[in-house]
Structures are given as structure tokens and as C-alpha cells.
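Engineer: Numbering-wise (the working numbering), the sequence shown opens with residue 6 and increments by one.
Encoded as C-alpha cells, here's the structure I'll be asking about.
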Amino acid sequence: MTTSRVAVVFAASSGLGRACARALARDGHRVVMCARDEARLRDAVDEVRGEGASTVGVNADVSNPDDVIRVLETARGEFGAVDILVANAGGPPPGDFRSIGPAEWEIAHRLTLMSVVNGIYAALPDLEKSSAGRIIVLGSSSVRRPLDGLVLSNVYRPGISGLVASLAVEFGPFGITVNMVSPGKIETDRIRTLDALRAERAGVEVEKVRASTAQQIPMGRYGQPDELGAAVAFLASDEAGYITGQSIMVDGGLVASPH
Numbered sequence: 006m007t008t009s010r011v012a013v014v015f016a017a018s019s020g021l022g023r024a025c026a027r028a029l030a031r032d033g034h035r036v037v038m039c040a041r042d043e044a045r046l047r048d049a050v051d052e053v054r055g056e057g058a059s060t061v062g063v064n065a066d067v068s069n070p071d072d073v074i075r076v077l078e079t080a081r082g083e084f085g086a087v088d089i090l091v092a093n094a095g096g097p098p099p100g101d102f103r104s105i106g107p108a109e110w111e112i113a114h115r116l117t118l119m120s121v122v123n124g125i126y127a128a129l130p131d132l133e134k135s136s137a138g139r140i141i142v143l144g145s146s147s148v149r150r151p152l153d154g155l156v157l158s159n160v161y162r163p164g165i166s167g168l169v170a171s172l173a174v175e176f177g178p179f180g181i182t183v184n185m186v187s188p189g190k191i192e193t194d195r196i197r198t199l200d201a202l203r204a205e206r207a208g209v210e211v212e213k214v215r216a217s218t219a220q221q222i223p224m225g226r227y228g229q230p231d232e233l234g235a236a237v238a239f240l241a242s243d244e245a246g247y248i249t250g251q252s253i254m255v256d257g258g259l260v261a262s263p264h
């Protein structure tokens with residue numbers, strides 16, 4: 006049975022972050038959720054509280070270092086030291102190299118990379134003292150192979166995978182595990198938007214794009230957010246204390262497929 010601990014989940018008002026918060030709450034953890042959209046965050050917090058967990062929401066932008074510090078300070082003020090950090094953020098802007106400029110690169114740098122780095126710096130003093138410190142970063146299948154029209158993700162996500170591997174070695178002596186969970190085609194607003202963009206570029210109906218994609222997935226379907234949340238909850242559990250430095254794909258076998 007997993008010991009109840011304190012978890013912080015970034016970008017938790019919808020999609021994968023919200024699913025992670027739900028899964029951690031079901032395992033009995035106290036959960037601090039943050040997001041930019043205050044109304045959606047309130048709704049998400051109410052839902053997670055419905056799982057019986059003590060839950061707090063913080064209106065914050067994880068691309069802002071001061072906001073990240075404030076989220077961790079709120080967690081300490083409400084529940085004490087933090088044991089689990091789930092570093093999630095909205096995906097970087099889509100586009101190929103020629104369609105994006107310096108502004109998009111800067112957005113991706115702050116949102117995709119530095120939100121993780123700043124989150125770890127802010128949580129590390131607590132994690133070093135925890136009996137079961139956990140850092141879990143949400144990534145992308147771009148850590149294994151590049152994705153069409155997502156050059157920013159193709160650059161930054163593999164870099165974060167390298168960070169995860171490096172920190173697993175550095176933090177291992179403190180009993181802290183560091184892992185990445187990388188989704189494939191999961192039913193989220195982000196994936197629906199990307200599917201719509203692909204359909205527009207190809208001049209076809211979005212249903213055709215989705216059907217074609219599902220055929221390339223060995224499981225034959227898109228995943229559900231709670232399926233990724235379950236993987237995150239396991240990595241946060243006592244039973245996963247010897248798993249570290251890993252990048253776990255939750256993609257229905259898509260990356261392994263020869264298609």
C-alpha cells in the first residue's frame with residue numbers, strides 16, 4: 006500500500022496534468038494543482054477533491070520562475086514538505102523550422118524546458134529530505150522519434166530526457182527517483198488541435214486523419230488520459246522505489262511500430 010505523501014502537479018487544470026492529479030488523489034496523496042486558467046483550475050480541484058483527497062489549487066504560469074516558487078511555497082504552507090513533483094506543461098507551439106521564429110523558440114524554452122528545471126530547483130530541498138522523493142516529468146513520443154510539424158518539441162523533449170537520466174544518477178544517493186512518462190496519441194485538447202492542423206494541411210476531414218493514425222497504433226486506438234495518469238501514480242508509489250532514469254512510453258506501441 007502506498008504511503009500518503011504530498012504531490013505537486015504542474016499544468017493540472019485539464020488533460021494529462023488533471024489525469025495525473027486524479028490518479029495521485031486516488032492513491033491517497035495530498036495534491037497541489039496549478040494552472041493558468043483559474044476557472045478550469047477550480048473545476049479540476051473540485052473534481053480531484055471528489056476522490057477524497059486534500060487538494061489545493063494555485064493560479065500560476067509554470068513558465069514564470071516566480072510562479073513556480075510560489076506553487077512550491079503554497080504546498081509547504083498547506084501540507085508541509087513536498088515528496089512528489091509532476092512536472093507537466095502545455096506543449097510548445099507547433100510548426101516546422103521555417104514557420105517559427107525567435108519568439109516561439111523563447112516560449113518553448115521557458116515553457117517546455119525551464120518549467121521543469123525551475124520546478125526541480127524549487128522542490129529539491131524537500132525531496133532531498135523525503136523518504137521517497139519522486140520527480141516525474143511528462144514528455145512526448147518525440148523523445149524517441151521526431152514528429153512532423155513539431156520541431157520545437159523535437160528539440161526540447163529529448164533534451165529533457167537527457168536531464169532526467171543525468172539527475173537520476175546525481176539524485177540517486179538521496180533516494181530520489183527521476184523518470185519521464187511520454188504520451189503518444191492520448192485524447193486531449195492538444196492532440197485534437199494537432200489532428201485538426203494536420204487535416205487542414207492535408208485538405209481532408211479530421212476524422213480521416215484520426216482513423217489513419219489509429220491504424221498505425223498497434224493497440225488500434227488513441228489512449229485515455231487516465232491511462233497515463235496510472236503510470237505516473239505507479240512511479241510515485243512506494244513500489245516504484247527502484248525505478249529511476251527511465252523514459253516510459255504510454256503510446257499503445259506507436260513508437261515500437263514499423264509504420
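Cβ coordinates follow ideal geometry from the N, Cα and C atoms, glycine included.
Alpha carbon to alpha carbon, what distance is there between glutamine 220 and valine 67?
Structural biologist: Stepping through the sequence shown from its first residue, residue 67 is reached at position 62. Stepping through the sequence shown from its first residue, residue 220 is reached at position 215. Whole-angstrom Cα-Cα distance: 35 Å.
Engineer: Contact defined as beta carbons within less than 8 Å: I believe glycine 189 pairs with threonine 249. What is the distance between those atoms, to the nearest angstrom?
Structural biologist: One-based indexing of the sequence shown puts residue 189 at position 184. One-based indexing of the sequence shown puts residue 249 at position 244. That belief does not hold up - the Cβ atoms of glycine 189 and threonine 249 are roughly 22 Å apart, past 8 Å.
Engineer: Please check the pair aspartate 101 and valine 156, which I expect to be a contact at CB under 8 Å, by giving their CB distance rounded to whole angstroms.
Structural biologist: Locating residue 101 in the sequence shown gives position 96, counting from the first residue. Locating residue 156 in the sequence shown gives position 151, counting from the first residue. Rounded, the Cβ-Cβ distance is 6 Å, consistent with contact.
Engineer: For aspartate 32, is the classification buried or exposed, using 16 other Cβ atoms within 10 angstroms of its Cβ as the cut-off for buried?
Structural biologist: For the purposes of this step, residue 32 is identified with residue 27 of the sequence shown, where counting begins at 1. Per the 10 Å Cβ criterion, buried.
Engineer: Determine whether the beta carbon atoms of glycine 228 and glycine 257 lie at a separation below 7 Å.
Structural biologist: Within the sequence shown, numbered from 1, the residue matching residue 228 stands at position 223. Within the sequence shown, numbered from 1, the residue matching residue 257 stands at position 252. Yes, they are a contact pair.
Engineer: To the nearest angstrom, how far is the alpha carbon of glycine 167 from that of valine 255?
Structural biologist: For the purposes of this step, residue 167 is identified with residue 162 of the sequence shown, where counting begins at 1. For the purposes of this step, residue 255 is identified with residue 250 of the sequence shown, where counting begins at 1. Distance between the alpha carbons of glycine 167 and valine 255: 18 Å.
Engineer: Cutting at 8 Å between CB atoms, please list the residues of its own chain near valine 260, excluding the five before and the five after it.
Structural biologist: Residue 260 sits at position 255 when you count from the first residue of the sequence shown. Counting only Cβ-Cβ distances below 8 Å, and skipping sequence neighbours, we find Ser146, Arg149, Arg150, Gly189, Met254.
Engineer: So, are the CB atoms of isoleucine 165 and valine 142 less than 7 Å apart?
Structural biologist: Residue 165 sits at position 160 when you count from the first residue of the sequence shown. Residue 142 sits at position 137 when you count from the first residue of the sequence shown. Going by C-beta atoms, isoleucine 165 is nearer than 7 Å to valine 142.
Engineer: Could you tell me the boundaries of the beta strand (DSSP E) in which serine 252 lies?
Structural biologist: Taking the sequence shown and counting its residues from 1, the one referred to as residue 252 is at position 247. Residues 252 to 255.
Engineer: I'd like to know if the segment 79 to 90 and the segment 118 to 138 are in contact, where contact means that at least 3 CB-CB pairs between them fall below 8 Å.
Structural biologist: Output reads yes: the segment 118 to 138 touches the segment 79 to 90.
Engineer: Given that a residue counts as buried once 16 or more other Cβ atoms are within 10 Å of its Cβ, and exposed if not, what is valine 209?
Structural biologist: Translated into the one-based positions of the sequence shown, residue 209 becomes position 204. It counts as exposed.
Engineer: Measure from the alpha carbon of alanine 30 to the alpha carbon of each residue in Ser262, Thr193, Ser242, then state which is nearest.
Structural biologist: For the purposes of this step, residue 30 is taken as the residue at position 25 of the sequence shown. That would be Ser242, whose Cα lies nearest to the Cα of alanine 30.
Engineer: Could you have a look at arginine 35 and say whether DSSP puts it in helix, strand or coil?
Structural biologist: By 1-based counting over the sequence shown, the position of residue 35 is 30. Reduced to three states, the DSSP call for arginine 35 is strand.
Engineer: How many whole angstroms separate the CB atoms of valine 11 and cysteine 39, which I take to be in contact at a CB cut-off of 8 Å?
Structural biologist: Walking along the sequence shown from the start, residue 11 turns up at place 6. Walking along the sequence shown from the start, residue 39 turns up at place 34. The pair is not a contact, with the Cβ atoms about 14 Å apart (cut-off 8 Å).
Engineer: Between which two residues does the alpha helix (DSSP H) containing glycine 234 stretch?
Structural biologist: Position 229 of the sequence shown, counted from the first residue, corresponds to residue 234. Taken as a continuous stretch (DSSP letters only), the alpha helix (DSSP H) holding glycine 234 covers 230 to 241.
Engineer: Return yes when the Cβ of leucine 21 is within less than 7 Å of the Cβ of proline 263, no when it is not.
Structural biologist: Against the sequence shown, residue 263 aligns to sequence position 258. Against the sequence shown, residue 21 aligns to sequence position 16. No, Cβ-Cβ distance for proline 263 and leucine 21 is not below 7 Å.
Engineer: What beta strand (DSSP E) runs, 3 residues minimum, are completely inside the segment 41 to 79?
Structural biologist: If we require 3 residues or more, the beta strand (DSSP E) runs fully inside the segment 41 to 79 come out as 60 to 64.
Engineer: Just to confirm, are threonine 60 and valine 50 a CB contact at a threshold of 7 Å?
Structural biologist: Here residue 60 refers to the residue found at position 55 when the sequence shown is read from its first residue. Here residue 50 refers to the residue found at position 45 when the sequence shown is read from its first residue. Yes, the pair counts as a contact, with Cβ atoms nearer than the cut-off.
Engineer: Under DSSP, the beta strand (DSSP E) around valine 142 begins and ends at which residues?
Structural biologist: Looking up residue 142 in the sequence shown gives position 137. Segment 139 to 143, the beta strand (DSSP E) holding valine 142.
Engineer: Just list the beta strand (DSSP E) runs in the segment 161 to 232, keeping only unbroken ones of 3 residues or longer that don't cross its boundaries, in chain order.
Structural biologist: Here the runs fully enclosed are 182 to 188.
Engineer: Under a three-way DSSP split, which group does alanine 108 fall into?
Structural biologist: Along the sequence shown, read from residue 1 onward, the residue named residue 108 stands at position 103. Three-state result, alanine 108: helix.
Engineer: Thinking C-alpha only, which one of Val160, Val53, Gly85, Ser135 is nearest glycine 96?
Structural biologist: Locating residue 96 in the sequence shown gives position 91, counting from the first residue. Here the closest residue by C-alpha is Val160.
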